[in-house]
Amino acid sequence: MSGDFEWIDEEAGPVVRPYAMTGGRTKPSSTAFDLLSMVVATGAEISPRAHLSSQHRRLLGLVGRARPIAEIASDIELPVGVIRVLLGDLLDQGLILVRQPMPAATSPAESLLLEVINGLRAL
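Under the working numbering, the residues of the sequence shown are numbered 156 to 278, in order.
Laid out in structure tokens, this is it:
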């Protein structure tokens, strides 16, 4: 069969179950993975001793440009938990960088907003 997956049929999904893709692991090696964390490949050469599965290599192909983890999981059609574990493997080998999402802007103090409103009313 061609491609990275062996399909039974469209509804059944891949023959290899997610727990097999992660070696039974359920937690990533790093806590750096938030759903909105941006992941990008470093471009570093893959060590000949690296044990990368076809899924690891597929992920590397998807993160040539920075992308959020939720988008990667959607594109690769695997559960987010599996993606986090596989990305943890790539992070450990220095093949990806993870950037945390920008914090939401803090809202101005209520007193400042009231002053602006009062100033506008005074016009």
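Note that beta-carbon positions come from the ideal geometry of N, C-alpha and C, so glycine has one too.
Taking the alpha-carbon positions, what's the residue i to residue j distance?
i, j, result
"SER157", "LEU246", "Annotation note: pLDDT 49 at SER157 (below 50); position unreliable, coordinate value reported separately. Whole-angstrom Cα-Cα distance: 28 Å."
"LEU275", "LEU267", "12 Å"
"ASN273", "LEU241", "54 Å"
"ALA277", "GLU270", "10 Å"
"ALA228", "ARG204", "26 Å"
"LEU215", "GLU265", "46 Å"
Which two residues bound the contiguous alpha helix (DSSP H) that contains residue i?
i, result
"ILE272", "265-277"
"ILE251", "That residue, ILE251, is in no alpha helix (DSSP H); its beta strand (DSSP E) goes 251-254."
"GLY179", "Where GLY179 is concerned, there is no enclosing alpha helix (DSSP H), given that its DSSP letter is neither H nor E."
"ASP244", "235-247"
Am I right that residue i and residue j are in contact with their C-beta atoms under 8 Å? What's the rounded C-beta distance?
i, j, result
"LEU250", "ALA187", "Contact flag wrong, Cβ pair sits at about 14 Å."
"MET176", "VAL237", "6 Å"
Candidates the options: which alpha carbon is nearest residue i's?
i, options, result
"VAL194", "PRO223, GLN210, THR181", "PRO223"
"VAL253", "ARG213, SER202, VAL218", "VAL218"
"MET257", "ALA175, THR177, ASP189", "ASP189"
"ILE231", "ARG220, HIS211, GLN248", "HIS211"
With 8 Å set as the bound, which would you pick, yes or no: does the beta-carbon of residue i sit closer than that to a beta-carbon of chain C?
i, result
"LEU278", "In the structure shown, chain C cannot be found, because there is only a single protein chain."
So the beta strand (DSSP E) residue i belongs to, where does it begin and stop?
i, result
"VAL195", "193-196"
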